[in-house]
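Presented below is the structure to which this report refers.
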Amino acid sequence: GAVVSQHPSRVICKSGTSVKIECRSLDFQATTMFWYRQFPKQSLMLMATSNEGSKATYEQGVEKDKFLINHASLTLSTLTVTSAHPEDSSFYICSASGGQINEQFFGPGTRLTVL
Amino acid sequence: DAKTTQPTSMDCAEGRAANLPCNHSTISGNEYVYWYRQIHSQGPQYIIHGLKNNETNEMASLIITEDRKSSTLILPHATLRDTAVYYCIVMAYGQNFVFGPGTRLSVLP
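Chains as they are written, first to last, in the numbering used here: chain A, 2 to 116; chain B, 6 to 114.
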């Protein structure tokens, strides 16, 4: 299957700082990228969907001003957690779709810990 | 809300077939059945998907009942590395994935 990478794999930051997470599709052009969040012992929850060159669509309850998503190219999307707080500590996972029959390829995830 | 119901957990002996059931009684005609799995602290991994017919690939087989209200994922020879949470997802083209709690499969030596 196609390969999606995320960077960094884990990050620890102080409360109030901003953190940027990158998601790259390495061997295909991702027309759509998705960002999920997963708290311990819970399932993945979709945060937002982004199409290359357009604004992201956020799920209900996800603050767009706090979780900034940029999908500037067909191989890169970034998620910036602004003014992070301890409750934002979670496992953030991106996925990418190349327009095939809804098949999504997931990145390895980024574990964010906010102190 | 997820459109599927799966057992919370299952055990399987190493080397035996693992059969993971999924109920999707409200599935629509244009919705596919997808299976993904998530090994601890990793991103989900695509396994297989199907619409009506049974499907097989190098990882698994997907058996969909004729009325499409349920399906079974079969791992023919489970190994310890198959221990993971398995998600059954029903989705039509253009919809987003909705992950339920999945089935936690433990492959025992």
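Positions of the beta carbon are idealized from the N, C-alpha and C atoms, including for glycine.
Note the first and the last residue of the continuous beta strand (DSSP E) segment covering S66 of chain B. The residue you call residue 66 of chain B lines up with position 61 of the second sequence. Segment 66-69, the beta strand (DSSP E) holding S66 of chain B.
When Cβ atoms are compared, which residues of the stretch 43-71 of chain B fall closer than 9 Å to chain A? Q43, S46, Q47, G48, P49, Q50, Y51, H54
Using a Cβ cut-off of 8 Å, pull out every chain B residue sitting near P109 of chain A, in sequence order please. Counted from its first residue, the first sequence places residue 109 of chain A at position 108. The answer, in chain order, is Q47, G48.
At a CB distance below 9 Å, what residues from the stretch 41-53 of chain A approach chain B? Give them in sequence order. Q43, S44, L45, M46, L47, T50
Partners in chain B for G104 of chain A, counting only beta-carbon separations shorter than 9 Å: Position 103 of the first sequence, counted from the first residue, corresponds to residue 104 of chain A. Looking at the sequence shown, residue 104 of chain A is not Gly but Glu. Ordered by position in chain B, the residues that pass the 9 Å Cβ test against E104 of chain A are Y39, Y51, H54.
Out of curiosity, what's the CA-to-CA distance linking I79 of chain B and L110 of chain B? Taking the second sequence and counting its residues from 1, the one referred to as residue 79 of chain B is at position 74. Taking the second sequence and counting its residues from 1, the one referred to as residue 110 of chain B is at position 105. C-alpha separation (whole angstroms): 12 Å.
Let me check one thing: in DSSP terms, what residues is H8 of chain A bridge-paired to? The residue you call residue 8 of chain A lines up with position 7 of the first sequence. DSSP output for H8 of chain A lists A:E23 as bridge partner(s).
With a threshold of 8 Å between beta-carbons, can I13 of chain A be considered close to chain B, or not? The residue given as residue 13 of chain A occupies position 12 in the first sequence. No - not a single Cβ of chain B is within 8 Å of the one on I13 of chain A.
Using the beta-carbon of each residue, which ones in chain B are nearer than 7 Å to I94 of chain A? Here residue 94 of chain A refers to the residue found at position 93 when the first sequence is read from its first residue. What I94 of chain A touches in chain B: G48.
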